[in-house]
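Residue numbers (the UniProt record's numbering): 353 to 585.
Just so it is clear, CB atoms sit at the ideal spot from N, CA and C, and this is done for glycine as well.
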Ligand code: ADP
Ligand code: MG
């Protein structure tokens, strides 16, 4: 029976994810215990605290990214203009970009681009993808952000001038804990894909080696409904 199959597939995915999370969190925990043990036996070195701190950061990073997968509360759902959310995101990331010699060049468009959803989650998608773009450009460069309104959708294009992604890597992106970074969690894209899907949107990646990578995100355009009854008469 089809429904049963879908359910067992979901359980399988949940099991895979649980195994991944358990593994990723156990590593820093084991290391934390080891250093606590060393400190307890009288060996105190400043570098232990640095390592312990970064292990704790790692756990914190994993947990806060996973929290994004939690179901949004109903009252969080509202109409939002993508231009405003993207402007906020770019402002938030500008300092970090400059530190990496990266310039974010954005064209927000002239008309409002309404979507319906959870503001913080949609912003998180933009943050995750722009951060990846910044991190991809170790020698600096530009990120281009383009917003446009198409018939019944809002299109967001984020392109970088990074090294690009090989085809075999492209297939792994969005899988939990897939990362090529020393300090990566490998959760940013998985969480982003899930959020976009929850908002009835689509996300596509295209990449050319030596040229750069583009993420295209589409959300349904949803014009804010006006209340049916304003004043009784
Ligand atoms: P993390 O950033 O923690 O590694 P993500 O899920 O955000 O996890 O990204 C997974 C991987 O996808 C990255 O480690 C990187 O290899 C690849 N990736 C994502 N975005 C880009 C990009 N713009 N350019 C090149 N590689 C990218
Ligand atoms: Mg990332």
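- For residue 573, name the three-state secondary structure that DSSP assigns. For the purposes of this step, residue 573 is identified with residue 221 of the chain shown, where counting begins at 1. Shown here, residue 573 sits in coil according to DSSP, grouped into three states, outside any helix or strand.
- Item | Closest residue to residue 385 among 573, 536, 400, 469 (Cα-Cα distance) | Within the chain shown, residue 385 is the residue found at index 33, counting from 1. Per the Cα distances, 400.
- Message: With distance defined between alpha-carbon atoms, name the residue in 549, 433, 534 nearest to residue 462.
- Response: As a first step, residue 462 must be located in the chain shown, where it is residue number 110. Among 549, 433, 534, the Cα nearest to that of residue 462 belongs to 433.
- Message: At a cut-off of 8 Å, would you count residue 522 as near the ligand MG, judging by its Cβ distance to the nearest heavy atom?
- Response: As a working mapping, residue 522 is identified with position 170 in the chain shown. The answer is no for residue 522.
- Task: Could you check how far apart the C-beta atoms of residue 495 and residue 482 are, in whole angstroms? I think they sit under 8 Å.
- Result: In the chain shown, counting from the first residue as 1, residue 495 sits at position 143. In the chain shown, counting from the first residue as 1, residue 482 sits at position 130. Confirmed, about 6 Å.
- Task: Mark residue 469 as exposed unless 16 or more other C-beta atoms lie within 10 angstroms of its C-beta, in which case mark it buried.
- Result: The count along the chain shown starts at 1 and reaches residue 469 at position 117. By the neighbour-count criterion, in which 16 or more other beta carbons inside 10 Å mark a residue as buried, residue 469 falls on the buried side.
- Cβ-Cβ distance between residue 532 and residue 417 below 9 Å: Along the chain shown, one-based indexing puts residue 532 at 180. Along the chain shown, one-based indexing puts residue 417 at 65. No. Outside cutoff.
- Could you tell me if residue 393 is buried or exposed, where buried requires 16 or more neighbouring beta carbons within 10 angstroms of its beta carbon? The count along the chain shown starts at 1 and reaches residue 393 at position 41. Its Cβ having fewer than 16 others within 10 Å, residue 393 is exposed.
- Touch test, the segment 493 to 513 against the segment 565 to 572, Cβ-Cβ under 8 Å, three pairs minimum: Contact between the segment 493 to 513 and the segment 565 to 572 is present: three or more C-beta pairs spanning the two stretches fall below 8 Å.
- Is it the case that the CB of residue 550 approaches a heavy atom of the ligand ADP more closely than 8 Å? Working through the chain shown from its first residue, we reach residue 550 at position 198. For the ligand ADP, not one heavy atom lies less than 8 Å from the Cβ of residue 550.
- Message: Helix, strand or coil, according to DSSP, for residue 565 in the structure here?
- Response: Locating residue 565 in the chain shown gives position 213, where the first residue counts as 1. The answer is strand: DSSP assigns residue 565 an E or B state.
- Return the first residue and the last residue of the alpha helix (DSSP H) that residue 417 is part of. Walking along the chain shown from the start, residue 417 turns up at place 65. Looking at the DSSP string, the run of the alpha helix (DSSP H) that includes residue 417 is 398 to 419.
- Can you tell me the Cα-Cα spacing of residue 458 and residue 441, whole angstroms? Within the chain shown, the letter at position 106 stands for residue 458. Within the chain shown, the letter at position 89 stands for residue 441. Residue 458 and residue 441: Cα-Cα distance of roughly 11 Å.
- Message: Please classify residue 576 as buried or exposed, where buried requires at least 16 neighbouring CB atoms within 10 angstroms.
- Response: Indexing the chain shown from 1 puts residue 576 at position 224. Residue 576 comes out exposed.
- Euclidean distance between Cα positions of residue 387 and residue 554: As a working mapping, residue 387 is identified with position 35 in the chain shown. As a working mapping, residue 554 is identified with position 202 in the chain shown. C-alpha separation (whole angstroms): 44 Å.
- Message: DSSP has residue 494 in a bridge; who is on the other side?
- Response: Stepping through the chain shown from its first residue, residue 494 is reached at position 142. Partner(s): 455.
- Item | heavy atom of the ligand MG below 8 Å from residue 483 C-beta | Taking the chain shown and counting its residues from 1, the one referred to as residue 483 is at position 131. Correct: residue 483 has its Cβ closer than 8 Å to the ligand MG.
- Looking at the structure shown, is residue 503 part of a helix, part of a strand, or coil, going by DSSP? For the purposes of this step, residue 503 is taken as residue 151 along the chain shown, with counting starting at 1. Three-state DSSP puts residue 503 in coil, outside helix and strand.
- Message: Check this for me: beta carbons of residue 557 and residue 525, under 9 Å apart or not?
- Response: Mapped onto the chain shown, residue 557 falls at position 205. Mapped onto the chain shown, residue 525 falls at position 173. Cβ atoms of residue 557 and residue 525: closer than 9 Å.
- Query: Expressed to the nearest angstrom, what Euclidean distance is found between the alpha-carbon atoms of residue 565 and residue 527?
  - Reply: Taking the first residue of the chain shown as position 1, residue 565 is located at position 213. Taking the first residue of the chain shown as position 1, residue 527 is located at position 175. Looking at the two C-alpha atoms, the distance is approximately 18 Å.
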